[in-house]
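**Student:** The structure's right below; bear with me while I get my questions together.
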Amino acid sequence: MSHLVLEGLCKSYGAAVAVEALDLKVERGEFVSLLGPSGCGKTTTLQMIAGFVGVDRGRILLDGGDLASVPPAKRGLGIVFQSYALFPHMTVAENIAFGLEMRGIGKAEREQRTLDAMALVGLKGFAERYPRRMSGGQQQRVALARALVIKPALLLLDEPLSNLDAKLREEMQGELRQIQRSVGTTTILVTHDQHEAMALSDRIVVMNHGRVEQIGAPDTVYGQPATAFVANFLGKTNTLAAMGDGAGQVDVLGFRVPLAGAPAGPVSIAVRPERLTLAEGGFPARIKSRVFQGSHWLLGAESEAGTLLLMRPNDGMPVPAEGEAVKIAFAPADAALLTEGKAP
Amino acid sequence: MSFAASERSAPYWLAGPALLVFLGLVIIPLGMTVLLSFYDWGQYKGIVPEFTLKNWIEIATDSYFFEVFLRTFRISILVTLACVLIGVPEAYILNRMSPGWRSVCLLVVIGPLLVSVVARTLGWALLLGSNGLVNQGLMALGLITTPLEFMFTETGVVIALTHVLIPFMILSVWASLQRLDPQVENAAASLGAGFFTIWRRVILPQVVPGILSGAIIVFALAASAFASPAIIGGRRLKVAATLAYDEFLNTLNWPLGAAVAVLLLVALVLIIVGSNRLVERRYAQVFE
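Encoded structure:
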């Protein structure tokens, strides 16, 4: 039995479909990200789990029990909001203790657990501080502590890092992951930031137009994108026009690679820029541009199979000049067969 | 040097005209009223510009004045309380409405301010009279057998003043509700708080500044209101403003009227500044 099960979840606002037939199983202790552009339905999904938004059709099961008739206050979920939604008139300690107070937990235990939660998120000594007197990163920690101190069945994170600057965000990502591992709370993160999703999650649910495009581990979703949308949304990718022979091989301008499941006729395949190599035996292309990026070069190339982007490590090997004719190859394992995205 | 000096004095020059108007229209008449309250007055000699404490001693010793001032502040406090009790929930509901309905309801809320104070108060007199709609309705429902006295009572004055002044409370509370993080209620709910707990522990403390500024406006306007107490309260039910008016225009005892007016002003300022301090200290964190 999975810890959290979403079954055929649907939600629309008037004629606008926000979430359509979403199925998802989350195991205990798992960290799952809902990733997609704004308006893809990820936040609506989170709000349905939290109970702030009603479900049109489908079920949400937590430990096998249906949450439909359970009001948000009784669900016992920890939520970190994008704006943190701290109580500005309460100190850090009062903010964190609020959930415990609502549960009628005695003063002594409340104080102890509040102190433990503050230590967990690295806020020792901030008990009497008011949120307004704290930096964004610190407020974020208070919000996290407030959500975790009630020992929630689920931790829901709604774009929690989007208000932090880039450096702090990276720091918090590492810390968030480490805290989640140490307390072992099943966590669902909503984000539009692919790096955040890949850095934090056990599994990523890529969403678009209210539908799930792909569910999988970060490296799988990145390396084996199921649809053109996933391939383009997660990092940069090259889409190549190829011809399938119907016998498990595809042909890119004469460069033949085995690709399981490829049908006969024209197909699209995706290869990441860092997986394209310059090698004899590859298909012909011409270098159009080259940009030095320190640790690597970005090469733009033109071929009859499409415009290509290559990433070459700055490893001392000679880099082709602009206008030079080259041969480009890739390993069979690095190619992903793209099905058309289900959504327009 | 001279350029820097003129640059530094520019704000004063720019503020000058407004300052002059303020001085001429507010400070000087006020000073003259204060001065007037120390003048002598007699039935036959009129106003005599010589310094005396006669008026102030009269106000301090005659229990009639004490009674009027007590009534004025009792009415003002009741009106303020009624405005808080009705206005705060109303502002909250208004804030949660869809934009379309909200603008309609806002117009209804501000409505009383768009009608002339005399017309509005006469309307209340029609409703509240012993043969008025309210009494007829209550009697028709069998709730009362004899008409309730609203006219010429404090209850009537409180009802009419609450109606006029409640927009100030609603608008002021609404302004502070709009500054609230919309997710904060959800956050409290997710932590296990019920509706009333959220209200008491999370929303109310954060709108205290709005309630306070609304209460100050309502209290000050209720204490200095003239038309409503004059029409609904009539001649029997005097408040400070109608008392000063009578001294000025009926008795023609300007110095005594001036003393009443100055006392009302001083008392208002003291009460408002005092309560402001008190609330700001109690809720220091939300006042930043």
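For the protein sequence lines, the chains are A and B, in the order given. Here the working numbering is used: the first residue of the first sequence is 1, the next is one more, and so on. Here the working numbering is used: the first residue of the second sequence is 1001, the next is one more, and so on. Here a beta-carbon is modelled for each residue, glycine too, at the ideal position from N, C-alpha and C. All of these numbers come straight from a predicted model, not from anything done at the bench.
1. Are the CB atoms of A/G99 and A/I150 within a distance shorter than 8 angstroms?
2. For A/S268, which of helix, strand or coil comes out of DSSP?
3. For chain A, is any of its Cβ atoms less than 8 angstroms away from the one on B/Y1283?
4. Which whole-angstrom value describes the C-beta separation of B/A1187 and A/A85, a residue pair presumed to lie in contact below a C-beta threshold of 8 angstroms?
5. Enumerate in chain order the residues of its own chain whose CB-to-CB distance from B/A1160 is below 7 angstroms, with the five nearest sequence positions on each side excluded.
6. If contact means a Cβ-Cβ distance below 7 angstroms, which residues of the stretch 1123-1136 of chain B contact chain A?
7. Using a Cβ-Cβ cutoff of less than 8 angstroms, which residues in the same chain neighbour A/G76 once the five nearest sequence positions on both sides are dropped?
8. Pull up the distance between the alpha-carbon of A/L62 and that of A/I328, whole angstroms please.
9. Runs of 4 residues minimum, wholly inside the stretch 208-288 of chain A: which ones carry the alpha helix (DSSP H) assignment?
10. Just tell me which of A/Y130, A/L234, A/L67, A/R290 has its CA closest to the CA of B/A1284.
11. Taking A/V267 as the reference, give the member of A/L259, A/E274, A/P273 with the closest Cα.
12. Below 6 angstroms CB to CB, which residues in the same chain sit around B/T1052 once its five sequence neighbours on both sides are set aside?
13. Strictly by DSSP, which residues pair up with A/Y13?
14. Among B/V1208, B/L1268, B/S1037, B/L1078, which has the Cα closest to the Cα of B/E1058?
15. Which residues in the same chain have their Cβ closer than 7 angstroms to the Cβ of A/V221, if we skip the five residues on either side of it in sequence?
16. Assign B/F1196 to buried or exposed, taking buried as 16 or more other Cβ atoms, counted over all protein chains shown, within 10 Å of its Cβ.
17. Where in the stretch 78-128 of chain A do unbroken runs of the beta strand (DSSP E), each at least 3 residues long, occur, reported from the N-terminal end onward?
18. In the stretch 1187-1206 of chain B, which residues sit with their C-beta less than 8 angstroms from some C-beta in chain A, listed in chain order?
19. Distance check for B/G1194 and A/G136, CA to CA, integer angstroms please.
20. Taking the alpha-carbon positions, what's the A/F31 to A/A21 distance?
21. Once the 5 residues before and after A/K342 are set aside, which same chain residues still bring their CB inside 8 angstroms of it?
22. On the CB-based measure, 16 or more other CB atoms within 10 Å of its CB, does A/P318 come out buried or exposed?
23. Which runs of the alpha helix (DSSP H), 4 residues or longer, sit entirely within the stretch 1199-1282 of chain B?
24. A/G78 and A/L148 - do their beta-carbons sit closer together than 8 angstroms?
25. Of the residues that make up the stretch 73-89 of chain A, which ones have a beta carbon closer than 7 angstroms to any beta carbon in chain B?
26. Would the beta-carbon of A/I96 fall within 8 angstroms of that of A/V142?
27. So, at 8 angstroms on beta carbons, what are the nonlocal neighbours of B/L1094 in its own chain, with the 5 sequence-adjacent residues on each side left out?
28. How many Å lie between B/V1184 and B/E1090 at the Cα?
29. Chain B partners of A/F98, CB-CB under 8 angstroms?
30. Are the CB atoms of A/S33 and A/A197 within a distance shorter than 8 angstroms?
31. Check each residue of the stretch 43-72 of chain A: if its Cβ is closer than 9 angstroms to any Cβ of chain B, include it; give the result in chain order.
**Tutor:** The structure says:
1. yes
2. strand
3. yes
4. 4 angstroms
5. T1121, W1124, S1228, I1232
6. none
7. I150, P152, A153
8. 50 angstroms
9. 218-223, 228-233
10. A/Y130
11. A/L259
12. D1040
13. A/A16
14. B/S1037
15. I204, V206, Q214, V230, L234
16. exposed
17. 78-80
18. A1187, A1188, A1189, S1190, L1191, G1192, A1193, G1194, T1197, R1201, V1202, P1205, Q1206
19. 28 angstroms
20. 22 angstroms
21. The predicted model places A/K342 with a pLDDT of 36, which falls under 50 and marks its position as unreliable; any figure quoted below should be read in that light. Result list for A/K342: R211, E213, T227, in chain order.
22. exposed
23. 1204-1223, 1240-1249, 1254-1282
24. yes
25. A73, L77, I79, F81, S83, A85, F87, P88, H89
26. yes
27. R1102, C1105, L1106, V1109, I1170, W1174
28. 19 angstroms
29. A1188, L1191, A1193, R1201
30. yes
31. Q47, A50, G51, F52, P71, P72
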